[in-house]
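Protein chains in written order, with my numbering: chain A, 56 to 256; chain B, 56 to 256; chain C, 56 to 256; chain D, 56 to 256. So the structure is just underneath, and the comments pick up after that.
There are 4 protein chains.
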Amino acid sequence: MPTSRLEAFSDGVIAIAITLLVLEIHVPETGGPDSLGHQLADQWPSYAAYLVSFVTIGIIWVNHHAMVSRLRKTNHTVLILNLFLLMSIAILPFTTDLVAEYLRESDGQHLAAAIYSGSLLLMGLAFYAMQRYTLDGEGGDLLGVELSEGDRRAIKQRNALGLVPYAVATAVAPLSAYLTLAICAAVAAFYASPVTRAGLD
Amino acid sequence: MPTSRLEAFSDGVIAIAITLLVLEIHVPETGGPDSLGHQLADQWPSYAAYLVSFVTIGIIWVNHHAMVSRLRKTNHTVLILNLFLLMSIAILPFTTDLVAEYLRESDGQHLAAAIYSGSLLLMGLAFYAMQRYTLDGEGGDLLGVELSEGDRRAIKQRNALGLVPYAVATAVAPLSAYLTLAICAAVAAFYASPVTRAGLD
Amino acid sequence: MPTSRLEAFSDGVIAIAITLLVLEIHVPETGGPDSLGHQLADQWPSYAAYLVSFVTIGIIWVNHHAMVSRLRKTNHTVLILNLFLLMSIAILPFTTDLVAEYLRESDGQHLAAAIYSGSLLLMGLAFYAMQRYTLDGEGGDLLGVELSEGDRRAIKQRNALGLVPYAVATAVAPLSAYLTLAICAAVAAFYASPVTRAGLD
Amino acid sequence: MPTSRLEAFSDGVIAIAITLLVLEIHVPETGGPDSLGHQLADQWPSYAAYLVSFVTIGIIWVNHHAMVSRLRKTNHTVLILNLFLLMSIAILPFTTDLVAEYLRESDGQHLAAAIYSGSLLLMGLAFYAMQRYTLDGEGGDLLGVELSEGDRRAIKQRNALGLVPYAVATAVAPLSAYLTLAICAAVAAFYASPVTRAGLD
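As structure tokens, this is what we get:
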């Protein structure tokens, strides 16, 4: 299968997942005792989680293309690794909704936050696994560009390093769900910032 | 990243957002005291908001391609600006639903209308920011077409001018939610009209 | 704008609308007095409406590409006519759900059926309007293929003829909602049948 | 119609269906008597069904492209067969939700499991019908690659063989819904496994 088909399908899944995130933001029911303004303000975790997930998926999309554009062909393993990466992205509308609903619940906030950052960690791991394989698979014969051993190592190190904040965010979830979300937000801001853009793959 | 990938991903997000709008139109529950005809007529704000948002997103899609087709390459800033533009489009199913639900609620109609036109204003601002940057970024070196200083200024002015009605619509929301929606509808009709098509970017 | 972009965006919207139809088929609630088999059998109108809408959208997609593939360029009017055609397709998940929910309700079945076939009629009209314009617009200068006056007339007549059954289906809705749905189903079967495939644009 | 358009539309529908699966995983309601952890653990059938359906759709996508990439043109029959294949994929979000909700319900679990594996069997049959037709249709003249009689027979046999586990899974549904799901999971694992990748079309 040519890489163009892999890209088109991946683009589709990522575009749908990022757009479905909006279903997590609910219109408050009319006729309740609270004013609309109060109700909208009250669901700020939905907006925060939406923002973090949207930017994070957008960044993974950019990185996905950087990874795939280096390939000159695919094989069965690439397709399956890509499928698992897409799955880890496609479940984010669920984990985003989960953390938004439970961020302030005394029962469940820590678990919900851990699942949220854990799903981002999973996405990072799936990305890292695919990155490693595309760089080294079939003795590097999948690549369509020249990369020195040092280049490859640098890419892999950068990807591995990107896992650390999500691991930390998951580890601190039992302490504070807010801190977990803040770390995930900081990662998104880091990659989206014009200052630190070098961080992109 | 070549602009073709940027276009494909943006097309996907915009196509999904415009199609998800339909989820905002609800099938009335069966077995209620009111006739189906009465219930369907009663939710006319849903149809009005749907129509306005659908046409508006369709027009922004046309303009998005006009903007991107002028580029010969992208950079990190373009990608991030585009991501924020897509986010401002992707939240429209929510703000459209919000204004449809609250247009006639004495509590909340003004705020809902302000948020709706505000989200269109935000979309216009995100578009304007990306337009400015693509015209001037890297000293104009992102462009693949020849544009005189006057051409660039004219495009930016036209975009900036397009923000005015949304700003006005948001400003009048405290007076009348209906007026706000009417202004947004008029903008959509203006750009969709065969007479005024020159207004398109 | 090149026709390839028009096609890609239209493909996206049509693919999403056709896939969103599934949200209309509901999983029966667990724990009710009726068996699952009974409940699933009871919602047969959902399956019938799904089938009719899915095949109909599939056929309009085929015809859309036949229409667009004849073009060598687009203009503002084509884009706007296409946008209204896409809107008429994008609302089908709503009208399909409506007729499925109300097909057997003594209150509302006739109106729901009329709205359903009416939405298909609207889609046909939007298609016909775009077809007419692409064939004759700018003095036929939008076309990239040679078509005799007779060819053009034949295409337009075929399209106009395709509107008749939907008009009839809408007209008989006050008599029988089932008959309306049956006519729409027959149209879908007619175009999908290998015997009558000449009916495709 | 060129095969590229068929692929693009099919990619769109398959990408949307696979991503919509996530809507089947529900965020537990806040404020209930059970802890979030308990509630999340309690809905493990949702995760299991999600995983099986996601991988299965991913594999059918790979096989779909292998099938279409052999074609040099399409005809009306190919388009209609493809439409029914897409429909069988597009209903999977419904049947996946169904089996997830009813897997442990004493009333309905057998029927729900039979419908789930039956929908996968239907998908396999639709794939097989299209495969057969594309290999033999118009006297093999649809093909753009050279295939010996033996090659064609081998492909068809492999596809027919792939139907067997789904038929078995459906047949055992009256005995055990869990066994049905386990067989479907085993098929997905078989095709996704690096060891057995030869099983892919």
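All residues carry an ideal CB built from backbone N, CA and C; glycine is no exception.
**Asked** Can you list, in chain order, the residues of its chain whose CB lies under 7 Å from that of D:P83, leaving out five sequence neighbours each side?
**Response** Within the same chain, D:P83 has close Cβ partners L91, Q94 and L95.
**Asked** Per DSSP, D:L126 forms a beta bridge with which residues?
**Response** Bridge partners of D:L126: D:L198.
**Message:** Quick check on D:S248: does DSSP put it in helix, strand or coil?
**Reply:** Looking at D:S248 - three-state DSSP - the assignment turns out to be coil, as it is neither helix nor strand.
**Asked** DSSP on D:P57, reduced to helix/strand/coil?
**Response** D:P57: coil per DSSP, three-state reduction.
**Message:** Along the segment 116-143 of chain C, where does the CB come closer than 7 Å to a CB of chain D? Name the residues.
**Reply:** Those would be W116, V117 and H120, in chain order.
**Request:** Kindly indicate which three-state DSSP category D:S231 falls into: helix, strand or coil?
**Result:** The answer is coil: DSSP assigns D:S231 none of H, G, I, E or B.
**Item:** C-alpha gap between A:T151 and A:A243, whole angstroms
**Value:** Distance between the alpha carbons of A:T151 and A:A243 is about 14 Å.
**Message:** If the cut-off is 8 Å on Cβ atoms, which residues from the segment 155-166 of chain A count as contacting chain D, listed in chain order?
**Reply:** The segment 155-166 of chain A vs chain D, Cβ under 8 Å: E156, Y157, E160, D162, G163 and L166.
**Message:** Can you tell me whether B:G67 is helix, strand or coil according to DSSP?
**Reply:** B:G67 falls in the helix class under three-state DSSP.
**Request:** Within the segment 148-223 of chain B, note down every full alpha helix (DSSP H) run reaching 4 residues or more, in order along the chain.
**Result:** Taken in chain order, the complete alpha helix (DSSP H) segments of 4 residues or longer contained in the segment 148-223 of chain B are 164-195.
**Item:** Simplified DSSP state of A:Q98, which is helix, strand or coil
**Value:** Note: A:Q98 maps to coil in three-state DSSP.
**Inter-residue Cα distance where the pair is C:M207 and C:E79** = Position check: residue 207 of chain C holds Arg in this sequence, whereas Met was assumed. Between the C-alpha atoms of C:R207 and C:E79 there is a straight-line separation of about 39 Å.
**Prompt:** How many Å lie between C:Q186 and D:P100 at the Cα?
**Reply:** Distance between C:Q186 and D:P100, taken at the CA atoms: about 49 Å.
**Message:** What are the residues in the segment 56-73 of chain A lying within 7 Å of chain D by C-beta distance?
**Reply:** Listed by position, the residues of the segment 56-73 of chain A near chain D (Cβ gap below 7 Å) are M56, R60, A63, F64, G67, V68, I71 and A72.
**Prompt:** Thinking C-beta only, is A:L197 closer than 9 Å to A:L134?
**Reply:** Going by beta carbons, A:L134 and A:L197 fall outside the 9 Å limit.
**Request:** Say whether chain B places a C-beta atom closer than 9 Å to the C-beta of C:I112.
**Result:** Judged by the 9 Å Cβ criterion, C:I112 is not in contact with chain B.
**Request:** Tell me whether B:T85 sits in a helix, a strand or coil according to DSSP, three-state version.
**Result:** Assigned with DSSP and collapsed to three states, B:T85 falls in coil, not helix or strand.
**Asked** At a CB-CB cut-off below 7 Å, which residues of chain C make contact with D:I146?
**Response** Correct list: V77.
**Asked** Is it true that the CB of C:I73 sits closer than 9 Å to the CB of C:F182?
**Response** C:F182 is not a Cβ neighbour of C:I73, given a cutoff of 9 Å.
**Message:** According to DSSP, is B:S108 part of a helix, a strand, or is it coil?
**Reply:** Annotated three-state conformation of B:S108 is helix, per DSSP.
**Asked** Mind checking whether C:V110 and D:M142 have CB atoms under 9 Å apart?
**Response** In contact: C:V110 and D:M142 (Cβ atoms closer than 9 Å).
**Asked** Of all the CB atoms in chain C, is at least one closer than 9 Å to the CB of B:F182?
**Response** So no, B:F182 is outside the interface.
**Request:** Compile a chain-ordered list of the residues in the segment 80-104 of chain D whose CB is closer than 7 Å to at least one CB of chain A.
**Result:** Going along the segment 80-104 of chain D in chain order, one finds I80, V82, T85, S90, L91 and G92 with a Cβ nearer than 7 Å to chain A.
**Asked** Between A:L176 and the rest of its own chain, which residues show a CB-CB distance below 7 Å, the 5 nearest in sequence each way excluded?
**Response** L218, Y221, A222 and T225.
**Prompt:** Are any of the Cβ atoms in chain A nearer than 9 Å to that of D:L106?
**Reply:** True, the Cβ-Cβ gap to chain A drops below 9 Å.
**Prompt:** Looking at chain A, which residues of the segment 240-251 of chain D have a Cβ within less than 7 Å of any of its Cβ atoms?
**Reply:** Going along the segment 240-251 of chain D in chain order, one finds A247 and P249 with a Cβ nearer than 7 Å to chain A.
**Request:** To the nearest angstrom, report how far apart C:I144 and C:Y233 are at their CA atoms.
**Result:** Roughly 22 Å separates the two Cα atoms.
**Prompt:** Where does B:I80 fall in DSSP's three states?
**Reply:** The answer is coil: DSSP assigns B:I80 none of H, G, I, E or B.
**Request:** Please check if any C-beta of chain A sits within less than 9 Å of the C-beta of B:D196.
**Result:** No - not a single Cβ of chain A is within 9 Å of the one on B:D196.
**Helix, strand or coil at C:S90 [DSSP, three-state]** = In the three-state reduction of the DSSP assignment, C:S90 falls in the coil class, being assigned neither a helical nor a strand state.
**Distance between B:L76 and C:L76 (C-alpha atoms, nearest Å)** = Approximately 14 Å, taken between the alpha carbons.
**Request:** Keeping to the same chain, check which residues put their C-beta closer than 7 Å to that of B:G254; ignore five residues upstream and five downstream.
**Result:** With a pLDDT of 48 at B:G254, under the threshold of 50, the modelled position of that residue is not reliable, and no figure is offered here.
**Message:** I need the boundaries of the alpha helix (DSSP H) containing A:I135, first residue and last residue.
**Reply:** Per DSSP, A:I135 belongs to the alpha helix (DSSP H) from H131 to A145.
**Request:** Let me know if C:S65 comes out buried or exposed under the rule of 16 or more other beta-carbons within 10 Å of its beta-carbon.
**Result:** The residue is buried, with at least 16 neighbouring Cβ atoms inside 10 Å.
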